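Accompanying notes for the structure given below.
Number of protein chains: 2
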Amino acid sequence: MIKISIDAMGGDHGPSVIIPALAKVATRRTDIRFIIYGREEVVRPELAKQPRLAAVSEFVHCEVAVRMDDKPSQALRHGRWKSSMWKAIEAVKANTSDACVSAGNTGALMAMSKFCLRTMATIDRPAIAALWPTARGESVVLDVGATIGADAHQLTDFAILGTGMARALFGIDRPTVGLLNVGVEEIKGQEEVKEAGRMLREANMASMNYQGFVEGDDIGKGTTDVVVTEGFSGNIALKTAEGTARQIAGYLREAMSRTLMAKIGYIFAKGAFDRLREKMDVRRANGGVFLGLNGIVVKSHGGADADGFAAAIEMAYDMVRNRLLDRIEADLDLFHARNPHAAMGRPAAAVEDQE
Amino acid sequence: MIKISIDAMGGDHGPSVIIPALAKVATRRTDIRFIIYGREEVVRPELAKQPRLAAVSEFVHCEVAVRMDDKPSQALRHGRWKSSMWKAIEAVKANTSDACVSAGNTGALMAMSKFCLRTMATIDRPAIAALWPTARGESVVLDVGATIGADAHQLTDFAILGTGMARALFGIDRPTVGLLNVGVEEIKGQEEVKEAGRMLREANMASMNYQGFVEGDDIGKGTTDVVVTEGFSGNIALKTAEGTARQIAGYLREAMSRTLMAKIGYIFAKGAFDRLREKMDVRRANGGVFLGLNGIVVKSHGGADADGFAAAIEMAYDMVRNRLLDRIEADLDLFHARNPHAAMGRPAAAVEDQE
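Structure representation (structure tokens):
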């Protein structure tokens with residue numbers, strides 16, 4: 032039995048999309064149970080339409096809902112202890128649930144998750160990991176925007192966190208890992224990236240196949256199962272790829288509707304276009320995973336529809352079932368046992384950040 | 032009359048692609064003249080096939096050719112004073128040519144260009160600008176990899192350089208400019224980016240319409256005519272977009288060849304697909320422009336074909352004709368006259384870099 036706590040008030044559409052999403056998942060995964068947090072007057076009517084879901088769910092009324100435009104500090108001030116977002120996270124801390132899923136605003140969800148769950152013992156900062164569709168399948172890319180900048184220690188932490196996620200989701204024993212860098216001969220890369228590369232190579236971990244530096248175009252190729260970078264460039268890479276995909280989809284639509292011949296061609300090839308659309312569909316890889324915390328929190332896109340939110344839940348489900356946190360903890364212990372200097376070398380300020 | 036100096040030995044294919052490219056341009060632009068630098072035994076035979084080109088070109092034999100895998104320091108050691116790459120750049124310095132185009136390796140070309148042409152008086156570091164195809168047309172994105180990291184002063188320099196290029200190439204009086212950032216509420220952005228934003232807003236230049244921060248997906252949308260960022264994230268954005276475009280082209284090819292219906296549809300829509308391929312074609316926007324130097328240097332993709340190399344030459348031609356360097360110099364003077372603190376605030380080490 033896997034229990035998932037749901038913030039039903041997040042996202043652009045709230046319970047009207049989230050409850051149908053839960054209903055989809057409940058029919059596909061029979062060993063799942065939900066604890067749904069939200070405002071009674073909007074959640075109850077939706078839940079009443081889904082008797083099968085209601086039978087495997089518990090509902091908890093929360094007076095407060097974090098707004099999509101709340102700043103993290105506002106959200107913490109108004110929403111701590113009592114909002115649906117906070118309660119859904121707190122259920123993970125209390126072991127009432129195994130993972131939390133919210134489509135609420137990223138900044139607020141991260142601030143509350145850090146405050147409530149805290150980072151793992153040897154982790155300075157959490158990261159947000161994205162599941163990136165590639166020519167070969169999918170890769171884990173992190174950090175895509177939890178924090179800006181990362182030193183070598185934080186980059187090695189991200190590598191271990193991402194490796195755990197790839198092992199849990201892809202069923203690979205020893206995922207390949209690359210550090211994102213730029214290929215400019217001698218001046219190649221930032222010192223932090225070079226140092227992280229040295230540390231990962233030396234560690235030579237049984238659970239991680241470190242491959243060296245990769246470049247921006249390697250992400251789409253699927254050159255490695257895990258791509259590690261700091262949050263500024265990771266966020267820019269993710270958004271740039273989304274923008275490019277949307278731009279090309281626009282070109283394609285325009286090209287297929289311009290002439291009669293193209294329109295006829297479109298009718299014949301409609302099945303192929305539908306499959307293509309599915310491949311390019313961001314919903315299939317919906318959700319950023321917060322890694323490095325004492326609990327699993329998945330952030331769904333705010334604009335996700337029921338299929339998108341369902342995909343985010345199923346990702347959380349898979350990570351719980353494949354014991355993501357245990358894997359990460361074991362890898363961190365191993366890494367720090369073999370590399371005591373790695374933990375010792377951490378600046379004191381960064382360690383204090385955890386408090 | 033516009034004179035372009037050509038390094039005929041650069042690129043994966045050398046003179047066999049570069050000479051036909053020059054021939055294409057020579058028929059389209061009748062007021063262009065070329066000075067071609069390269070090894071006699073490989074350039075002469077190609078040139079002999081193109082009598083119209085030969086009539087508007089001067090050829091200079093150079094014993095040395097910089098190799099594609101030379102490190103910048105190697106290239107400088109072996110190729111300074113005598114390689115075709117160096118000679119083509121030197122022609123710009125000597126005012127024998129108005130701009131230089133090479134498909135040689137980026138690191139070597141940048142090292143030689145800096146050494147030979149030097150940076151403009153108030154510029155710390157040159158940038159590489161890319162012409163990026165967008166849903167609206169094209170945008171200038173810089174720096175895409177000349178150097179890693181940039182402080183606020185360097186980012187404002189890049190904004191002025193990119194604005195000059197957009198004015199010269201797009202014929203817009205007051206291009207819109209955005210600073211690339213990540214949209215994470217309160218912790219939004221690096222200090223350098225915030226400070227650069229303040230400086231550009233205060234400067235309120237007549238030639239630049241500063242719009243504030245943009246995110247990765249704004250590049251493909253064409254939200255602003257110019258997108259400014261430091262070289263690490265700029266290079267990752269560029270390569271990630273190229274990777275995504277290639278990935279989707281692969282999906283499309285696969286989808287259109289999988290079923291008979293799709294194949295029939297493809298035949299009907301072939302014209303539309305050809306137009307689409309043209310739109311997605313990186314050759315159309317081939318070439319990185321080195322900005323901030325006392326001369327125009329355009330780097331063509333090493334793998335470019337004749338059309339791609341021709342596009343790079345025509346970009347150089349347009350920038351010369353529209354007096355790119357004069358525009359940039361005027362803008363820099365204006366900016367520093369109004370913002371003396373900007374020049375004064377520069378760290379001494381950065382100024383020394385120019386020597």
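So the protein lines, in turn, are chains A and B. Here the first sequence is numbered in the numbering used here, starting from 32 and rising by one per residue. Here the second sequence is numbered in the numbering used here, starting from 32 and rising by one per residue. Think of the CB as a built atom: it goes at the ideal place given N, C-alpha and C, for glycine as much as any other residue. Note that the structure is a prediction, hence the values are computed from the model and not measured.
> Along the segment 265 to 294 of chain B, what residues have a CB closer than 7 Å to any CB found in chain A?
Replying inline: Contacts with chain A (Cβ-Cβ distance below 7 Å) from the segment 265 to 294 of chain B involve Asn266, Ile267, Ala268, Leu269, Lys270, Thr271, Ala272, Glu273, Gly274, Thr275, Ala276, Arg277, Gln278, Ile279, Gly281, Tyr282, Leu283, Ala286, Met287, Arg289, Thr290, Met292, Ala293, listed in chain order.
> What number of angstroms, rounded off, separates the C-alpha of Asp129 (chain A) from the C-alpha of Arg354 (chain A)?
Replying inline: Distance from the CA atom of Asp129 (chain A) to the CA atom of Arg354 (chain A), rounded to whole angstroms, is 10 Å.
> So which residues of chain B does Tyr297 (chain A) contact, with C-beta pairs closer than 7 Å?
Replying inline: Within 7 Å Cβ-Cβ: Gly296, Ala300.
> Any beta-carbon of chain B closer than 7 Å to the one on Phe263 (chain A)?
Replying inline: Yes, Phe263 (chain A) lies at the interface with chain B (some Cβ there is under 7 Å from its Cβ).
> Looking at the C-beta of Leu162 (chain A), does it have a partner C-beta in chain B at a distance below 7 Å?
Replying inline: Interface annotation, Leu162 (chain A): not in contact with chain B, CB-CB separation never under 7 Å.
>> Assuming Ala199 (chain B) and Pro206 (chain B) are in contact, meaning their beta carbons sit under 8 Å apart, how far apart are those beta carbons, in whole angstroms?
In response: Wrong, their Cβ atoms sit about 10 Å apart, outside the cutoff.
> Can you name the residues of chain B whose CB is closer than 7 Å to the CB of Ile398 (chain A)?
Replying inline: Any answer about residue 398 (chain A) is impossible in this case: the structure gives chain A only from 32 up to 386.
> How about Glu273 (chain A) and Ala181 (chain A): do their beta carbons lie closer than 7 Å?
Replying inline: Result no, Cβ atoms of Glu273 (chain A) and Ala181 (chain A) do not sit closer than 7 Å.
> Buried or exposed: which applies to Pro51 (chain B), given that a residue is buried once 16 or more other Cβ atoms fall within 10 Å of its Cβ?
Replying inline: Burial call: buried.
> What first and last residue would you give for the beta strand (DSSP E) that runs through Arg284 (chain A)?
Replying inline: Note, Arg284 (chain A): premise wrong, no beta strand (DSSP E); alpha helix (DSSP H) at 262 to 287.
> Lys80 (chain A) to Met151 (chain A), Cα distance in whole Å?
Replying inline: Roughly 40 Å separates the two Cα atoms.
> Between the beta-carbon of Gly326 (chain A) and the beta-carbon of Val123 (chain A), is there less than 7 Å?
Replying inline: Note that the C-beta distance between Gly326 (chain A) and Val123 (chain A) is below 7 Å.
>> Quick check on Val215 (chain B): does DSSP put it in helix, strand or coil?
In response: Here Val215 (chain B) scores only 49 on pLDDT, less than 50, and its place in the model should not be relied on; the value that follows carries that caveat. When DSSP states are grouped into helix, strand and coil, Val215 (chain B) belongs to the coil group.
> Closest by CA to Ser144 (chain A), which one among A:Val320, A:Ala342, A:Gly42, A:Ile359?
Replying inline: Checked all of A:Val320, A:Ala342, A:Gly42, A:Ile359; the closest Cα to Ser144 (chain A) is A:Val320.
> DSSP puts Asp38 (chain A) in a beta bridge; with which residues?
Replying inline: In the DSSP assignment, Asp38 (chain A) forms a beta bridge with A:Tyr68, A:Ser133.
> Going straight from the alpha carbon of Thr3 (chain B) to that of Leu192 (chain B), what length do you get?
Replying inline: Past the boundaries of the shown model lies residue 3 (chain B); chain B is included only from 32 to 386, so the question cannot be answered.
>> Quick check: what's the CA-CA separation for Val215 (chain A) versus Ala119 (chain A)?
In response: Confidence in Val215 (chain A) is poor, its pLDDT being 49 and thus under 50, which makes the residue's placement too unreliable to answer from.
>> So, with DSSP's three-state summary, where would you put Gly319 (chain A)?
In response: Of the three classes helix, strand and coil, the one that applies to Gly319 (chain A) here is strand, per DSSP.
>> Report the CB separation of Gly265 (chain B) from Val175 (chain B) in whole angstroms; it is logged as a contact under 8 Å.
In response: For a cut-off of 8 Å, the C-beta gap from Gly265 (chain B) to Val175 (chain B) is around 4 Å, short enough to register as a contact.
> Nearest to Ser288 (chain A) by alpha carbon, out of B:Phe304, B:Leu173, B:Ala347, B:Met292?
Replying inline: Looking at the Cα atoms, B:Phe304 is the closest of the given residues.
> If you scan the segment 183 to 263 of chain A from start to end, which runs of the alpha helix (DSSP H) of 4 or more residues do you find wholly inside it?
Replying inline: Complete alpha helix (DSSP H) runs here, min 4: 183 to 201, 222 to 234, 247 to 252.
> Under a CB-based cut-off of 7 Å, is Arg60 (chain B) close to chain A?
Replying inline: So, not an interface residue.
> Alpha carbon to alpha carbon, what distance is there between Glu121 (chain A) and Asp349 (chain A)?
Replying inline: Rounded to the nearest whole angstrom, the CA to CA distance from Asp349 (chain A) to Glu121 (chain A) is 20 Å.
> Just checking, does the segment 57 to 68 of chain A make contact with the segment 151 to 161 of chain A on the three C-beta pairs under 8 Å criterion?
Replying inline: The segment 57 to 68 of chain A, when compared against the segment 151 to 161 of chain A, does not touch it at the 8 Å Cβ threshold.
> Hey, how far is the Cα of Phe263 (chain B) from the Cα of Val73 (chain A)?
Replying inline: Annotation: Phe263 (chain B) to Val73 (chain A) spans about 46 Å, alpha carbon to alpha carbon.
> Unbroken beta strand (DSSP E) runs of length 3 or more, entirely within the segment 80 to 143 of chain A: which are they?
Replying inline: Taken in chain order, the whole beta strand (DSSP E) runs of length 3 or more contained in the segment 80 to 143 of chain A are 88 to 92, 130 to 133.
>> Distance check for Gly202 (chain B) and Thr187 (chain B), CA to CA, integer angstroms please.
In response: Straight across, the Cα-Cα distance linking Thr187 (chain B) with Gly202 (chain B) is about 21 Å.
> Does any residue of chain A bring its CB to less than 7 Å from the CB of Ala57 (chain B)?
Replying inline: Judged by the 7 Å Cβ criterion, Ala57 (chain B) is not in contact with chain A.
> Is there at least one Cβ from chain B nearer than 7 Å to Ala24 (chain A)'s Cβ?
Replying inline: No answer is possible for residue 24 (chain A): it lies beyond the span of chain A, which begins at 32 and ends at 386.
> Going by the beta-carbon positions, is the gap between Val258 (chain A) and Ile250 (chain A) smaller than 7 Å?
Replying inline: With respect to Ile250 (chain A), Val258 (chain A) sits close: the two C-beta atoms are nearer than 7 Å.
>> Let's test the definition: count the other Cβ atoms within 10 Å of the Cβ of Asn126 (chain B) and tell me whether it reaches 16, buried, or not, exposed.
In response: With a 10 Å radius around the Cβ and a threshold of 16 neighbouring Cβ atoms, Asn126 (chain B) comes out exposed.
> How would you call Lys113 (chain A), buried or exposed, if buried means at least 16 neighbouring beta carbons within 10 angstroms?
Replying inline: Exposed.
>> With H, G and I counted as helix, E and B as strand and the rest as coil, what does DSSP make of Ile295 (chain A)?
In response: Taken through DSSP and simplified to helix, strand or coil, Ile295 (chain A) comes out as helix.
> Alpha carbon to alpha carbon, how far is Arg239 (chain B) from Thr194 (chain A)?
Replying inline: Per the sequence shown, the amino acid found at residue 239 (chain B) is Met instead of Arg. C-alpha separation (whole angstroms): 45 Å.
> If we ignore side chains and look at the alpha-carbon of each, how far apart do Ala300 (chain B) and Met292 (chain A) end up?
Replying inline: Those two C-alpha atoms are separated by around 6 Å.
> What are the partner residues of Glu345 (chain B), as DSSP defines its beta bridges?
Replying inline: Glu345 (chain B) pairs with nothing; no bridge assigned.
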